[in-house]
Every structure is written in C-alpha cells, then in structure tokens.
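What follows is a single structure, written as structure tokens, with notes after it.
In my numbering, the protein residues as written are 63 to 146.
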C-alpha cells in the first residue's frame, strides 16, 4: 500500500471558540506610534546624527547617484520576469 499524503485526509478535533475569554482590550499604539510627533522627530534625528558621526552616513554625489541608478536599471532588465 502506497502512503500518499496528498489524498489522505486526517480528522482533526474541532477547536473550541474562546467564548469564555474576557472582552478584548482595545489595542493601544506601541513604540513610535505611541509617541507625540515632536518626540518621534527628536529620536529619529539622534539616529541620523549618530550615523554620520560614526562615519556610516553617506550622501551620494550627483554622479554617484546616476551611476547607481544606471547599475540598478541594468540589473533589473537583465533577467526580465516571465509573463504568463
């Protein structure tokens, strides 16, 4: 007898609905969503400042940006997605 998993059905016990669970609490925002816009801006700017101070921050020159765009465009056109 061949064990064919695709055609074999397994009976699973019915799961009980959580009818006895207390009423769901309304979701409150967490993280950045819980902060006021001024606090979000202050924290985000600290990250940017730290990035540049550590030497990891980089700004493209116009020529570097053109080269990156050209390179990216060539890569995406190299293997076009098959159309169905």
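Where a beta carbon is used, it is the ideal one built from N, C-alpha and C, also for glycine.
query, result
"Excluding the 5 residues flanking residue 102 on each side, which residues of the same chain have their C-beta closer than 7 Å to its C-beta?", "94"
"Classify residue 133 as helix, strand or coil using the three-state DSSP reduction.", "helix"
"Since residue 99 is in the alpha helix (DSSP H), which residue starts that stretch and which ends it?", "99-115"
"On the three-state DSSP scale, how would you describe residue 121?", "coil"
"Using the C-alpha atoms, what's the distance from residue 122 back to residue 107?", "19 Å"
"For a test of the three-state rule: what should DSSP assign to residue 92, helix, strand or coil?", "coil"
"Assuming residue 96 and residue 104 form a contact by the criterion Cβ under 8 Å, report the distance between their Cβ atoms to the nearest whole angstrom.", "Contact flag wrong, Cβ pair sits at about 15 Å."
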